[in-house]
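Residue numbers (this note's numbering): 4 to 184. Even glycine gets a Cβ: it sits at the ideal position worked out from N, Cα and C. Just so we're clear, the structure is a prediction, and the values are computed from it rather than from any experiment. Beneath this line is the structure, given in structure tokens, with notes to follow.
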Ligand code: FES
Ligand code: FES
């Protein structure tokens, strides 16, 4: 695990202090890398991940907890990062879409299956769907189609009509069963 320390002071934080706002020191592990960052107490976790830590694979759609595009895993559980404060993630282990591929860049089975199934079109929704699907398969490696649809029902897609996304998850289930992963 690598320690990364960043943004101990910036004009943005100084402006927050000048306005009477609180700054918190946040210690968090993202995709196996430890980060120590200073952020406004009111800063959403999604902004911490994207702007302070620099992992922009987590997308922001509605920023109101509706679309699921910002879904990440926090200690293995799916969470909408736009609805959490960064400060609430203190001490946790977060996995983002950038953390799914293996160390040599090999795709996670769900990524590979989704690509082969042409699961997405514009793919703006993809990070959220993939993280939700990973959470499902971690808990239930052999879900039914109905269970896949239920688990992914909190993620919105403007392009596909969902059928191809469900098919991609079903392909991943099959491949993972065959390979014993
Ligand atoms: Fe978080 Fe839409 S951006 S739920
Ligand atoms: Fe475009 Fe889902 S593929 S929003």
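Please give me, in chain order, every unbroken run of the alpha helix (DSSP H) with length at least 4 that falls completely inside the region 57-125.
Counting whole runs of 4 or more residues, the region 57-125 contains the alpha helix (DSSP H) stretches 112-119.
Can you give me the C-alpha to C-alpha distance between residue 6 and residue 55, rounded to a whole angstrom?
Note that residue 6 scores 49 on pLDDT, short of 50, meaning its location in the model is unreliable and no value can be drawn from it.
Under 9 Å between the Cβ atoms of residue 43 and residue 83?
The answer is no: Cβ separation not under 9 Å.
Would the beta-carbon of residue 120 fall within 9 Å of that of residue 111?
No, these two residues do not count as a Cβ contact at 9 Å.
Tell me the DSSP secondary structure of residue 135 in three-state form.
Of the three classes helix, strand and coil, the one that applies to residue 135 here is helix, per DSSP.
Within the same chain, show all residues whose beta-carbon is closer than 8 Å to that of residue 30, passing over the 5 residues directly before and after it, in chain order.
Hits under 8 Å: 37, 38, 39, 93 and 94.
Should residue 3 be counted as a contact of ligand 2 given a C-beta to heavy atom distance under 8 Å?
Since the first and last residues shown for the chain are 4 and 184, residue 3 lies out of range.
Counting only the same chain and skipping the five closest in sequence on each side, list residues whose C-beta sits under 8 Å from that of residue 12.
The answer, listed in chain order, is 41.
Kindly identify the DSSP beta-bridge partner or partners of residue 178.
Partner(s): none; residue 178 has no beta bridge.
Please list, in chain order, all residues of the same chain as residue 128 whose beta carbon is under 6 Å from its beta carbon, the five residues on each side excluded.
Excluding sequence neighbours, residue 128 sits near 72 and 160.
To the nearest angstrom, report how far apart residue 156 and residue 19 are at their CA atoms.
Their Cα atoms are separated by approximately 37 Å.
Please find out if some non-hydrogen atom of ligand 1 comes closer than 8 Å to the beta-carbon of residue 142.
Answer for residue 142: no, Cβ out of range of ligand 1.
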